[in-house]
Amino acid sequence: DGPYEEFKAIIEKLGETPIPKYIKREVEPEDAERYQTVYAKNEGAVAVLIVNNVAGDIPMGGGDAAITIPAYSLNQADGDPIVASLLAGATINATFNAPTAGFVNIDGDFDNGIIAHEYGHGIHIRTHVNGNTVNCSTGYSESLSEGWGDYIGKILQLSNVDNGIYISGTGTFAIGEPINGPGIRPAPYSGDIANNPMTYQTLRADAGNATYTIPHGVGSVLAGIFWDLTWDMIAVHGFEPDLYNHTSTAGNVQTLHILIESLKVTACRPGFVTTRDAILQADVNLYGGANECIIWSAFARRGVGANANEGSVFSTSDGAHDFSMPNGLGCNPDYLLTIGGPTDDCEGASLDYEIVFNAQNGWNTNVGFAVSGLPGGANATFSPTTISDTGLVTMTVTGLTAGDHAITVTPGGDTSKDLVLNVHVQENNPDLTDGDTRYREDGGSFTNFNDGATLVVNDGSSLDLRLPASSFDGTLLWTAPDGSNYTTNTVSFASILDGDNAVEGAWTVVPTFTLDCPGASGNQVINFTIDIQAAIRVTPQVYIEGSAINPNPAEPTLMRDDLRVAGLIPTTSPYGDALTVDPSVFTTTGADAIVDWVWVEVRDGADNTNILGSSSALLQRDGDVVSTNGTSPLIFNLPGNNYFVTVNHRNHLGIMSANSVALSRLNSDLNLINDANDILGGAISVVSLNGNFVLPGGDFDENAQVQTSDINGVYPLLGGFGYNNADMDMNGQYQNTDLNIINYKNVGRGQQY
400 DGPYEEFKAI IEKLGETPIP KYIKREVEPE DAERYQTVYA KNEGAVAVLI VNNVAGDIPM
460 GGGDAAITIP AYSLNQADGD PIVASLLAGA TINATFNAPT AGFVNIDGDF DNGIIAHEYG
520 HGIHIRTHVN GNTVNCSTGY SESLSEGWGD YIGKILQLSN VDNGIYISGT GTFAIGEPIN
580 GPGIRPAPYS GDIANNPMTY QTLRADAGNA TYTIPHGVGS VLAGIFWDLT WDMIAVHGFE
640 PDLYNHTSTA GNVQTLHILI ESLKVTACRP GFVTTRDAIL QADVNLYGGA NECIIWSAFA
700 RRGVGANANE GSVFSTSDGA HDFSMPNGLG CNPDYLLTIG GPTDDCEGAS LDYEIVFNAQ
760 NGWNTNVGFA VSGLPGGANA TFSPTTISDT GLVTMTVTGL TAGDHAITVT PGGDTSKDLV
820 LNVHVQENNP DLTDGDTRYR EDGGSFTNFN DGATLVVNDG SSLDLRLPAS SFDGTLLWTA
880 PDGSNYTTNT VSFASILDGD NAVEGAWTVV PTFTLDCPGA SGNQVINFTI DIQAAIRVTP
940 QVYIEGSAIN PNPAEPTLMR DDLRVAGLIP TTSPYGDALT VDPSVFTTTG ADAIVDWVWV
1000 EVRDGADNTN ILGSSSALLQ RDGDVVSTNG TSPLIFNLPG NNYFVTVNHR NHLGIMSANS
1060 VALSRLNSDL NLINDANDIL GGAISVVSLN GNFVLPGGDF DENAQVQTSD INGVYPLLGG
1120 FGYNNADMDM NGQYQNTDLN IINYKNVGRG QQY
């Protein structure tokens, strides 16, 4: 793509026949690429590498049936060193690899703006003068058809993230530019004169149409006016995302209605002034002339003002430009403001807001800005500090503290034009790895845990994992050991099993913050491990003598719960593990009401002297011994096997199962009430009462024997009231009946283990 002699020298060094000079292009770049590839192939090339001779990429053309070899392009910066090396005699080996993704041809056929532009021609030509003749729209110097095409292409692409000031070029894709590139016209479209200086004056001054070529360059001046008009209308009437909502009164919809209507009322072969007047008439026809000042302002700003004259439409330089507004319309100089920018951001962030300044009706006075509502330590700066014509002002706000702030921007001291921003500033992401995550077992209280924790839970229990929504704003992804994913704040399992990798093993939970303010915490992952311990469940069933005597007449099969009714049962166990219960457990009435605390042991099935597990428990009126939640079976972290079970009470003699019993993760009801043979020692270990076998009372000093010393210990306490071992009949009072009913009767008894 460089000078022919240079190209010839390169090819000769490669040992190939040089491509004939006559293919050097006077054609579009993408066509030249195709031609060069075809000729190289015909000369025996197996692939072609084309280096651009100007900065930027080569616009690669589309496919061609004659092209059967790969063609690759390099921009000038990458290609020049290769060219220099070849000219210096170096040998360069190249490997051509197929692209990993589908190749996208840089071609106008794939440029939506160009396609919409051509669609715009159809609208313009068919609507203008009822589509009677194409010569009414084209074929003369001041032909504006290309401007109509550009404008239709642009308005179809508008979105509410645009603001009329951003650069918007035509045909950017077709020439390999980004969407904010200048495009293929003399200037990109923008309401800022610095970005788009095209006016009727600059068109008239372009002798020979060197810059403003006919018809594309000429038309682009009109499209620039239409662009300004559209955004002025949007500033007044708002924006409608759905351009086809023809009932909308938004600025972009009204503008398109007016412009299309103007084609129906304009003359054949209109110039700039004729087009302006037709648009003014169209506004009268559709909206009663409500937008007259806006239309005049847009045209006057680009040189088609009240005294402009288009002259002959067969010349672009013989008329007269003018930037003035007509007198007597009451179109007072003014400006309109809109502001855009973040409404949510992170503490410590620098927030940029774009203030679009739309000058109206010849406004040309500098306007500055003031800010109120900033918290202490915050600051706002403006760039530029003042503005007088349509353009963009950037307001940068720094130092906002976490919280909600109402910030008011006042232009030029005019509070009637105040812009109010409601900004939420979020504190930096909380560190969720330091204990916000929680778990609970069998519906108990939640326990917090840190990153890296191991959660030891019981086999067969229920398990809840939780990262509360209140701890952060965002979403979660839990990943279980088997790869299963969960997205809720709480993940729950029932009857978890040892060895089940759907629960047991390494877990992660990854929070995603709605407004990601990482701060010092950065990206967060909470890693933890669940260890399900083998466990057995058992519900022993026993009666104690003190509560079984003198039952309530209406409930002869239930023990009394006098201590609970009197509020004397402590929430902390009197036994060594000092387990606690929620006071609400003692509000249950009926058969499941709590009688008192007991102590349960699980012993080795091969050696009943070997205690493998023990726990405080609660005794219900119907004899069930349950966990501290008042309802669930007792759980011991032991594998399924045969075990002996003991039940002990603070002032009664304990009992043990006569035989080892099979216990597993499934609950086992162990009845030690109905048959004395199920109890170690048989009948001598228990008291027969009302057809049941019950734990004997009288062990005041808890030495596993009922002796005279127990009687002596109770005597000094007689007449008292409360929760005490002296209360043998479990009614909360220390009386002679405690001695008469129990102690004298059971003296000499001893526990059988």
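Just add 399 to the spot in the sequence shown (first one is 1) and you have this note's numbering.
Positions of the beta carbon are idealized from the N, C-alpha and C atoms, including for glycine.
This structure is a prediction, so every number in the text was calculated from the model and none was measured.
Chain-order list of residues whose beta-carbon lies under 8 Å from that of residue i (same chain, five-residue window excluded)
i	result
PHE871	ASN828, PRO829, LEU831, ASP835, PRO910, PHE912
PRO640	SER558, ASN559
ASN1066	ARG936, VAL937, THR938, PRO1032
Residue burial classification, residue i (beta-carbon count within 10 angstroms, cutoff 16)
i	result
GLY488	exposed
VAL426	Because the pLDDT at VAL426 is just 41, under 50, the model does not fix this residue reliably, and the point stays unresolved.
PRO955	exposed
TYR421	Note that TYR421 scores a pLDDT of 36, beneath 50, so its modelled location is shaky and nothing firm can be said.
SER844	exposed
TRP645	The identity of residue 645 in the sequence shown is His, whereas the question assumes Trp. Burial call: exposed.
ASN562	buried
ASP1074	exposed
VAL672	buried
GLY1096	buried
GLY650	buried
PHE495	exposed
PHE1035	buried
LEU728	exposed
PRO587	buried
GLU826	exposed
Limits of the alpha helix (DSSP H) - the one that residue i falls within
i	result
ASN684	671 to 686
ARG963	961 to 964
TRP695	691 to 700
ARG603	599 to 603
ASP627	615 to 636
7 Å CB neighbourhood of residue i in its chain, flanking five on each side removed
i	result
ASN1047	VAL997, TRP998, GLY1053
LYS1144	none
ARG603	THR715, SER716, GLY718, HIS720
THR1136	ASP1128
SER749	THR795, THR797
Pick from the options that is closest to residue i, judged by C-alpha positions
i	options	result
GLY637	SER558, ASN1091, GLU576, SER1013	SER558
VAL792	PRO783, GLY798, LEU799, THR800	PRO783
GLY740	ILE806, ASP1128, VAL703, PHE698	ILE806
ASP1023	GLU903, GLY548, GLY989, ASN922	GLY989
ASP858	VAL902, THR886, SER883, GLY851	VAL902
THR1008	LEU914, VAL796, ALA1057, ASN1050	ALA1057
ARG837	LEU866, VAL824, LEU875	LEU866
LEU521	ALA497, TYR550, TYR974	The sequence given here has Gly at residue 521, not Leu. Looking at the Cα atoms, TYR550 is the closest of the given residues.
ASP995	GLY478, PRO969, TRP626	PRO969
ASP833	GLY851, GLY842, ALA609, ASN1028	GLY851
THR654	VAL683, ALA758, ILE925	VAL683
GLN1106	THR571, ILE1141, PRO810, PRO973	ILE1141
LEU864	ASP841, VAL664, GLY882, GLY443	ASP841
ASN821	VAL617, TYR599, GLY772, GLY790	GLY772
ASN534	CYS667, ARG584, PRO596, ILE659	CYS667
TYR942	LEU473, ALA905, HIS1051	HIS1051
GLY377	ARG700, VAL1044, ARG1020	Because residue 377 is not part of the residues shown, which for the chain are 400 to 1152, the question remains open.
LEU1094	PHE1120, SER647, GLY1149	GLY1149
VAL688	SER696, TRP695, LEU679	The sequence shown places Gly at residue 688, not Val. For the residues SER696, TRP695, LEU679, the minimum Cα distance to GLY688 belongs to LEU679.
LEU448	ALA465, ASP477, ALA464, ASP897	ASP477
Nonlocal neighbours in the same chain, by C-beta distance under 6 Å from residue i, ignoring five residues either side
i	result
ASN1139	none
SER540	ILE613, PHE713, SER714, THR715
GLN1151	LEU1079, GLY1080, SER1084
GLY507	ILE513, ALA573
PHE625	TYR550
GLY548	HIS516, GLY519, HIS520
Chain D within 8 Å of residue i, Cβ atoms only
i	result
LEU978	Within the model displayed, chain D is absent; a lone protein chain is all it includes.
Endpoints, the beta strand (DSSP E) within which residue i is located
i	result
TYR734	733 to 739
ARG1002	993 to 1003
TYR471	470 to 473
PHE713	Premise fails: PHE713 is in no beta strand (DSSP E) and is neither H nor E.
TYR1153	Summary: the structure shown does not reach residue 1153, with the chain confined to residues 400 through 1152, and so no result is reported for it.
Check: residue i C-beta below 7 Å from any heavy atom of the ligand NAP
i	result
ARG701	Among the components of this structure there are no ligands whatsoever, and the ligand NAP is therefore not found.
Task: Runs of beta strand (DSSP E) lying entirely within the stretch 839 to 919, each at least 3 residues, in chain order - done: 846 to 848, 852 to 857, 862 to 865, 873 to 878, 889 to 892, 904 to 912
Task: Completely contained alpha helix (DSSP H) runs for the stretch 922 to 953, where each covers 4 or more residues - done: List check, alpha helix (DSSP H) in window: 944 to 947.
Task: Those runs of the beta strand (DSSP E) which lie wholly inside the stretch 1022 to 1082 and span at least 3 residues - done: With a minimum length of 3 residues, the continuous beta strand (DSSP E) runs that stay inside the stretch 1022 to 1082 are 1033 to 1035, 1040 to 1048, 1051 to 1055, 1060 to 1062, 1067 to 1070.
- [ ] Quick one: which unbroken alpha helix (DSSP H) runs of 4-plus residues sit fully inside the stretch 536 to 560? Chain order, please.
- [x] Assignment of alpha helix (DSSP H) within the stretch 536 to 560, counting only whole runs of 4 or more residues, yields 544 to 554 in chain order.
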